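Student:
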Amino acid sequence: MKKIVMLHGINHNMFGKRDPAQYGTVTLAEIDAKLQALGKELGVDVESYQTNSEGDMCERIHQAYSENAAAVLINAGAWTHYSYGIRDALAILTVPIVEIHMSNIHAREEFRHKSVFAEIVKGQICGFGVESYLLGLRAALSAM
């Protein structure tokens with residue numbers, strides 16, 4: 001079974017508590033459960049990982065490369081807008097990468113409008129809440 005790696009970034013462990021107006025009340029565990037259920041339905045294994053450490057995120061990206069993951073989904077949170085280290089780690093991958101955001105980053109503060117990952121990802125899905133993750137998984141599969 002093909003493995004899809006879902007990478008959750010900084011502060012995502014606080015989903016359900018953090019800024020419910022932007023992110024709703026869904027928890028990270030609930031998001032992962034929905035992804036795993038859809039993955040099972042689509043015939044892929046979805047492995048989720050969350051960290052608040054930029055270095056650990058880079059290490060997990062390197063691991064995805066070593067494991068021959070079939071695709072990578074990433075919601076890097078605030079790192080999206082400034083982490084060239086994570087961008088460079090993602091650039092090592094040779095599989096589809098889909099950038100995901102629950103909120104519409106283009107309708108928020110100006111600093112959130114730019115993604116340093118944009119040039120290396122297959123595409124970006126944002127603004128659909130939890131559905132962004134499910135759409136991202138489907139997009140990754142269609143790009144494989």
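Sequential numbering from 1 applies to the sequence shown in UniProt numbering.
Built from N, CA and C at the ideal position, the CB exists for glycine as well.
From a predicted model like this one, the values you see are computed outputs, not experimental measurements.
#1: Give the straight-line distance between the Cα atoms of Val26 and Gly77, rounded to the nearest whole angstrom.
#2: Taking only three categories from DSSP, how would you classify Ile105?
#3: Please state whether the Cβ-Cβ distance between Met6 and Leu137 is less than 9 Å.
#4: Go ahead and pull the three-state DSSP assignment for Met1.
#5: Hey, out of Met102, Ile105, Leu28, Ala70, whose CA is closest to Gln50's CA?
#6: Checking the sheet assignment: what are the DSSP bridge partners for Ala71?
#7: Between the beta-carbon of Asn11 and the beta-carbon of Asn52, is there less than 9 Å?
#8: Just to confirm, are His62 and Val116 a CB contact at a threshold of 9 Å?
#9: Determine the DSSP secondary structure at Ser48, reduced to helix, strand or coil.
#10: Taking its Cβ as the centre, do 16 or more other Cβ atoms sit within 10 Å of Met144, making it buried, or is it exposed?
#11: In the DSSP assignment, the beta strand (DSSP E) including Gly55 goes from what residue to what residue?
Tutor: The structure says:
#1: 16 Å
#2: helix
#3: yes
#4: coil
#5: Leu28
#6: Ile4
#7: yes
#8: no
#9: strand
#10: exposed
#11: From DSSP, Gly55 is part of no beta strand (DSSP E) but of the alpha helix (DSSP H) over 54 to 66.
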